[in-house]
Amino acid sequence: MGRTDHLRLAMVAVACLATVAPGAWAGRKPDPAPFQVDADSLSKRYRRMAVSCVNTIGGLHVVVPDDSTTRFASGLATKLAGAGWSIVPADSVLSLWHGVALQEGGIFDPRTGRRDSTRVRRVTARTSQTLRDSLQADLWLHYGLVVVSADYDDGMAEWDGVKCNVGAQGFIATLLTGFQSGTIPALSLEVEIHDLDGRLLYARRGGLVSVNHMIKDRWVPVPTDTLRSSAVREPALTRALTPWLDRVRPVTISE
């Protein structure tokens, strides 16, 4: 089963949960500060950034192919390059990760078939070292899709800087859910920037689409193909990166 299929299954699962109890997700929280360290201390210290799609499970970051949303990596790289950053592209990082994982005997425990946290950390450390020594990278940007809670009121949902009509409005919605307002699951683009020692410097999300939409009298999954639309991707990319691009300037060659 591919990553696209896993994403579709996840979307169907949360759609079913939303039908039963859309208020089960936590209410909207204040937007967290994106910088995990003093932003001014980061400017003019770094020049080259590696970009990769990651799957985060149990706090472990595993580099994965971006086969379901192929345009996010290029969008991030374009925005960073436009601000003067040198880029190690996502396909190069993925190839490096796979090579290191192969040398280390993989990232799964051969006895259980499950991810081995020690192996993952070892592969991550070696990949970081190679990014630094051989590809002259200073930072590593991880991105991926995450499911978050979105507040909705009379059909309009809002989360991570985006608003959209999810159809849950009026008398039918009240009969179905018991509420004209509540929370539903939604997808966001999550961006994290780490130094090559693994320290988290920056984290920010940009909203994409709701996971489901009310049609007539029931919640149905939103097609994943929606993520391929630039009208959906571009606002999320902009929101996820703007504080970094506004505050952190890369070192230039002349410097």
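Numbering follows my numbering, with no gaps: position 166 of the sequence shown is 181. Glycine is no exception: its CB is placed at the ideal position from the N, C-alpha and C atoms. The structure presented is a predicted model; accordingly, all values stated were derived computationally and were not measured.
Burial state of residue i (16 or more Cβ within 10 Å)
i	result
T139	buried
D175	buried
A88	buried
G99	exposed
P45	exposed
L215	exposed
S56	exposed
G222	buried
R219	buried
A246	exposed
L117	exposed
P49	buried
P238	exposed
Whole-Å CB distance - residue i paired with residue j, under 8 Å assumed
i	j	result
V161	I102	That pair is no contact at about 23 Å.
V224	T241	5 Å
P200	S164	7 Å
A255	V206	4 Å
R63	R248	Actually they are not in contact, since the Cβ atoms of R63 and R248 sit about 24 Å apart, beyond 8 Å.
V226	L202	6 Å
Residues bridged to residue i [DSSP beta-bridge criterion]
i	result
L154	M64 and D210
P236	N227
A201	V163 and S225
L91	None, per the DSSP bridge assignment.
D168	M171 and S196
V103	A65
L215	H209
V177	W174
R134	DSSP output for R134 lists no bridge partner at all.
R220	E205
Between the CA atoms of residue j and residue i - distance to the nearest angstrom
i	j	result
R137	D148	16 Å
S110	W155	15 Å
N70	L146	19 Å
V52	G90	25 Å
K59	D153	12 Å
A251	S132	31 Å
V263	G159	22 Å
D210	S143	9 Å
P265	P47	24 Å
L204	P236	18 Å
S107	G121	18 Å
G114	A172	43 Å
T267	H157	23 Å
P104	A96	11 Å
P258	A54	9 Å
C68	L150	18 Å
K94	V135	29 Å
L260	C179	26 Å
G213	Y61	15 Å
R130	W112	15 Å
R43	S196	Caution is warranted here: a pLDDT of 49 is assigned to R43, below 50, making its placement in the model unreliable, and no coordinate value can be reported.
I208	E119	25 Å
Any non-hydrogen atom of the ligand ZN within 7 Å of residue i CB
i	result
R60	Of the ligands one can find in the structure shown there are none, so the ligand ZN has no counterpart to examine.
Count Cβ pairs between the region 165-172 and the region 122-129 that sit closer than 8 Å; are there 3 or more?
no
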